[in-house]
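Protein chains in written order, with the working numbering: chain A, 1 to 112; chain B, 113 to 224. Glycine included, C-beta positions come from ideal geometry on N, C-alpha and C. This structure is a prediction, so every number in the text was calculated from the model and none was measured. Take a look at the structure set out below.
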């Protein structure tokens with residue numbers, strides 16, 4: 001069964017460093033998302049991406065964040081200058097029609 | 113921001129019995145509701161969804177009921193199995209960008 005994959009599974013970085021989290025969505029899906037879950041809190045929406053552009057972003061998704069679909073298969077989330085409060089599980093999701101979203105296993109980001 | 117609320121942080125049931133997980137929402141613009149299951153260190157797994165034009169959707173052991181007037185939905189699992197033990201998230205979406213708004217989750221424990 002097709003699934004969303006994410007790499008790395010765990011990323012440790014120093015505050016102020018740039019990180020890129022990578023995702024390979026399910027191949028025939030058209031809608032792509034990033035969510036995050038800070039330990040003990042809800043899963044929160046970050047950004048949605050459709051037709052090669054951002055369709056919606058949350059207030060969390062400020063200028064330090066960017067997304068890209070560089071080659072038609074990968075979908076990346078970049079954080080330019082990480083902060084301690086960016087430490088969280090980051091989940092990529094994809095969907096055929098937008099509603100039923102299938103999530104990857106997540107990347108645990110630890111900012112020291 | 114408590115647009116989707118799961119008021120029970122945990123639920124314990126005996127194997128073979130029914131599990132009922134509840135969810136309330138406040139945003140009248142939500143028109144699609146989903147349930148996800150999550151094991152530790154994994155991403156959310158899509159279980160079942162329901163459109164706001166329906167009041168029930170069934171898939172095997174899982175049934176979701178929607179009461180629009182009460183802004184309430186529930187997930188029934190019958191019969192419950194030990195492998196169902198996980199955190200269950202209710203999520204909702206509305207509008208064209210399909211971002212999911214999640215509840216805090218309910219930890220279901222099914223005892224053998």
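Exercise. Can you give the Cα-Cα distance for residue 47 of chain A and residue 185 of chain B, rounded to whole angstroms?
Worked result: Mapped onto the first chain, residue 47 of chain A falls at position 47. Mapped onto the second chain, residue 185 of chain B falls at position 73. Taking C-alpha positions only, residue 47 of chain A is separated from residue 185 of chain B by approximately 26 Å.
Exercise. Given 8 Å as the limit, is there contact between the stretch 134 to 152 of chain B and the stretch 191 to 210 of chain B, that is, 3 or more CB pairs closer than that?
Worked result: Taking one beta carbon from each stretch, the stretch 134 to 152 of chain B and the stretch 191 to 210 of chain B have 3 or more pairs nearer than 8 Å; the two touch.
Problem set entry | Rounded straight-line distance, which links the Cα of residue 32 of chain A to that of residue 75 of chain A | Here residue 75 of chain A is taken as the residue at index 75 of the first chain, counted from 1. Here residue 32 of chain A is taken as the residue at index 32 of the first chain, counted from 1. If you draw a straight line from the Cα of residue 75 of chain A to the Cα of residue 32 of chain A, it is about 8 Å long.
Problem set entry | Chain-order list of residues whose beta-carbon lies under 7 Å from that of residue 73 of chain A (same chain, five-residue window excluded) | Locating residue 73 of chain A in the first chain gives position 73, where the first residue counts as 1. Hits under 7 Å: 24.
For this session: For the stretch 172 to 188 of chain B and the stretch 58 to 71 of chain A, state whether three or more C-beta atom pairs, one from each stretch, are separated by less than 8 Å.
Result: No, the stretch 172 to 188 of chain B does not touch the stretch 58 to 71 of chain A.
For this session: Name, in chain order, the residues that DSSP records as bridge partners for residue 136 of chain B.
Result: In the second chain, residue 136 of chain B corresponds to position 24, counting from 1. Answer by DSSP bridge pairing, in chain order: B:117 and B:184.
Problem set entry | Alpha-carbon to alpha-carbon, residue 109 of chain A and residue 78 of chain A | Indexing the first chain from 1 puts residue 78 of chain A at position 78. Indexing the first chain from 1 puts residue 109 of chain A at position 109. Here the alpha carbons of residue 109 of chain A and residue 78 of chain A stand approximately 12 Å from one another.
Problem set entry | Closest residue to residue 38 of chain A among B:116, B:153 and B:194 (Cα-Cα distance) | In the first chain, residue 38 of chain A corresponds to position 38, counting from 1. Ranking B:116, B:153 and B:194 by CA distance to the CA of residue 38 of chain A puts B:153 first.
Exercise. Secondary structure at residue 63 of chain A, three-state DSSP: helix, strand or coil?
Worked result: As a working mapping, residue 63 of chain A is identified with position 63 in the first chain. In the structure shown, residue 63 of chain A sits in coil (DSSP, three-state: anything other than H, G, I, E or B).
Exercise. If you run the structure through DSSP and keep just helix, strand and coil, what is residue 171 of chain B?
Worked result: As a working mapping, residue 171 of chain B is identified with position 59 in the second chain. In this structure, residue 171 of chain B counts as strand in the three-state DSSP scheme.
Problem set entry | Straight-line Cα distance separating residue 100 of chain A from residue 66 of chain A | In the first chain, counting from the first residue as 1, residue 66 of chain A sits at position 66. In the first chain, counting from the first residue as 1, residue 100 of chain A sits at position 100. Spanning the two alpha carbons is a distance of roughly 24 Å.
Problem set entry | residue 85 of chain A in three-state terms, based on DSSP | In the first chain, residue 85 of chain A corresponds to position 85, counting from 1. Residue 85 of chain A: helix per DSSP, three-state reduction.
For this session: Could you name the residues of the same chain whose beta carbon sits closer than 6 Å to that of residue 149 of chain B, not counting the 5 residues immediately before and after it, in chain order?
Result: By one-based count along the second chain, residue 149 of chain B stands at place 37. Closer than 6 Å at the Cβ level, and outside the excluded window around residue 149 of chain B, lie 157, 159, 198 and 200.
For this session: Check the Cβ of residue 155 of chain B against every Cβ in chain A and list those closer than 7 Å, keeping chain order.
Result: Against the second chain, residue 155 of chain B aligns to sequence position 43. From the beta-carbon of residue 155 of chain B, the residues of chain A found nearer than 7 Å are 91, 103, 104, 105 and 106.
Exercise. On the premise that residue 187 of chain B lies in contact with residue 123 of chain B, defined as a C-beta separation below 8 Å, what is that separation, rounded to the nearest angstrom?
Worked result: Walking along the second chain from the start, residue 123 of chain B turns up at place 11. Walking along the second chain from the start, residue 187 of chain B turns up at place 75. In fact, because the Cβ distance is near 11 Å, the residues do not count as touching under 8 Å.
Exercise. When Cβ atoms are compared, which residues of the stretch 183 to 203 of chain B fall closer than 7 Å to chain A?
Worked result: Using a CB distance below 7 Å, the part of the stretch 183 to 203 of chain B facing chain A consists of 201, ordered along the chain.
For this session: Work out the CA separation of residue 56 of chain A and residue 118 of chain B for me, nearest whole Å.
Result: Numbered from its first residue, the second chain carries residue 118 of chain B at position 6. Numbered from its first residue, the first chain carries residue 56 of chain A at position 56. Rounded to whole angstroms, residue 118 of chain B to residue 56 of chain A spans 25 Å at the Cα level.
Problem set entry | Own chain partners of residue 11 of chain A with C-beta closer than 8 Å, once the 5 adjacent residues on each side are dropped | Sequence index remark: in the first chain, residue 11 of chain A carries index 11 (1-based). Residues 19, 21, 107, 108, 109 and 110 of the same chain have their beta carbon placed closer than 8 Å to that of residue 11 of chain A, with the five preceding and five following residues left out of the count.
For this session: Give a yes or no on whether 7 Å exceeds the smallest Cβ distance from residue 18 of chain A to chain B.
Result: Mapped onto the first chain, residue 18 of chain A falls at position 18. For residue 18 of chain A, the answer is no, since every Cβ of chain B falls outside 7 Å of its Cβ.
Problem set entry | 7 Å Cβ cut-off: residues of chain A touching residue 205 of chain B | Position 93 of the second chain holds residue 205 of chain B. By Cβ distance, chain A contributes 99.
For this session: For residue 57 of chain A, write down the residues that DSSP places opposite it in a beta bridge.
Result: In the first chain, residue 57 of chain A corresponds to position 57, counting from 1. When beta bridges are read from the DSSP output, residue 57 of chain A appears opposite A:47.
Exercise. Between the Cα of residue 116 of chain B and the Cα atoms of B:145, B:162, B:167 and B:195, which residue gives the shortest distance?
Worked result: Indexing the second chain from 1 puts residue 116 of chain B at position 4. The shortest Cα separation from residue 116 of chain B among B:145, B:162, B:167 and B:195 belongs to B:145.
Exercise. Residues of chain B with CB under 9 Å from residue 45 of chain A, in chain order?
Worked result: Taking the first residue of the first chain as position 1, residue 45 of chain A is located at position 45. Among the residues of chain B, those whose CB is under 9 Å from the CB of residue 45 of chain A are 211, 212, 213 and 214, following chain order.
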